[in-house]
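Quick notes on the structure that follows.
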Amino acid sequence: MSAVFKREFKAYFSTPIGYIVVAAYWFFLGLYFSLIYSYGSPSVQTVIIAMSTIVVFTVPILTMRLMSEDRRQKVDQALLTAPVKLSGIVFGKFFAAMSVFAIGFAPTVIFEIITAGYVSVNIAVFLYSLLGIMLLGGALISIGMFISSLTESSVISAILTLVINILVLYMSNFASLAKTAFLSGIFEKAAFITVFENFGESIFSVPDIIYFLSITAAFIFLSVRSLEKRRWA
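Quick note: the sequence shown uses our numbering, first residue 683, plus one each step.
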C-alpha cells in the first residue's frame, strides 16, 4: 500500500492537478475567511462549512485519474498481476487523494490561531467541523475512485463524479419531487449536505460520523471488487 500511496501522491504534484486543487482550496478558504472576518464574526467552522460547494467541483479533479489513467496506459496490468493485495492498491490511491485534500484545508489551522488571538474560540467545535469536511471529502473521494475504476476516460470519470456528487450532496432539494412522505424523508435525511451541516452546528452525532464512514467503506469495497473483476477478466 505504501508504494502505491507514494506513487499516487507524487503523481499529483508531478502534474498540475495537485497544485490546482490545493490552490483552489487555499484561495476560497482565504476569501471566505476574510469576508467573515470583515463582518466582525470570525468563525472558522463557518468557513469550513461554506467550502462544501467547492469540494463538489474539486473532488472529481482529484479522483478522475486514480484508476482510469492506469487503465488507459495499461499500467493496471502490472498492478493487477503483482503480488499485492487489491485492497492495498485501492487504499494507497484513496489515502493519496485524501492527503492532497487534507493539505488543501491546512490553512484553517492558521485561521483558528489568528482568531484565537482576538476572541475566545472553542477548539472542539473547530476540530469537529474539520472532521466533518474530512469525512465528507472521504465519502466523495471514494465515490469518485469507484467511478474512475469503471472507465479508462478521465473526462468521463470527472463528469460522472461531478453529477453524482451534486446529486448526493443536494439530494434534499429533490425531496419535494418524491411521491410519498417516506421517500421525501429519506431524501431529506440522506443528503450529504444535511448530515454535513450538523458538524458546523456543533451537533455531535455518532450516526453522522458512521454514515459518512459507511459510505466511504462501501465504495472502497466496490472499487476493490471492480479491480478484482478486471483481474480475472
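All C-beta atoms in this analysis are idealised placements derived from N, C-alpha and C, irrespective of residue type, glycine included.
Please read these numbers as outputs of a predicted model, since none were measured by experiment.
For residue i versus residue j, is the C-beta spacing smaller than 8 Å?
i: Ser908; j: Ser831; result: yes
i: Val703; j: Thr790; result: no
i: Lys775; j: Glu690; result: yes
i: Ala840; j: Pro698; result: no
i: Ser905; j: Val772; result: yes
i: Ser734; j: Leu809; result: no
i: Phe777; j: Tyr707; result: no
i: Gly826; j: Thr745; result: yes
i: Ser811; j: Gly882; result: yes
i: Ser884; j: Val807; result: yes
i: Ser725; j: Ile736; result: no
i: Phe710; j: Gly814; result: no
i: Leu851; j: Val738; result: yes
i: Leu748; j: Ala798; result: no
Taking all protein chains shown into account, do 16 or more other C-beta atoms lie within 10 angstroms of the C-beta of residue i, making it buried, or fewer, making it exposed?
i: Tyr701; result: exposed
i: Pro889; result: exposed
i: Ala685; result: exposed
i: Ile792; result: exposed
i: Ile829; result: buried
i: Tyr694; result: buried
i: Gln727; result: buried
i: Leu713; result: exposed
i: Asn804; result: exposed
i: Leu849; result: exposed
Could you name the residues of the same chain whose beta carbon sits closer than 7 Å to that of residue i, not counting the 5 residues immediately before and after it, in chain order?
i: Met853; result: Phe869, Ala872 and Ala873
i: Ile892; result: none
i: Thr898; result: Gly820, Ala821 and Ser824
i: Ser887; result: Asn880
i: Phe856; result: Phe869
i: Glu834; result: Ser750, Arg753 and Arg754
i: Phe687; result: Gly774, Phe777 and Ala778
i: Leu842; result: Ile829
Near residue i, what residues of its chain come up, given a Cβ to Cβ distance below 6 Å and the 5 sequence neighbours on each side ignored?
i: Met683; result: Gly770, Phe773 and Gly774
i: Val837; result: none
i: Leu844; result: Pro742
i: Ile785; result: Val704
i: Phe783; result: Gly819
i: Ile731; result: Gly882
Please list, in chain order, all residues of the same chain as residue i whose beta carbon is under 8 Å from its beta carbon, the five residues on each side excluded.
i: Phe901; result: Ala821, Ser824, Ile825, Met827 and Phe828
Length at least 4, wholly inside the stretch 695–767: the alpha helix (DSSP H) runs in chain order: 698–720, 726–732, 734–745, 750–754 and 758–763
Can you check the stretch 869–901 for any alpha helix (DSSP H) of at least 4 residues that lies completely inside it and give the ranges in chain order? 874–882
For a minimum of 4 consecutive residues, which ranges assigned as the alpha helix (DSSP H) are wholly contained in the stretch 767–807? 768–786 and 789–798
Segments of 3+ residues assigned as beta strand (DSSP E) that fall wholly inside the stretch 814–862: none
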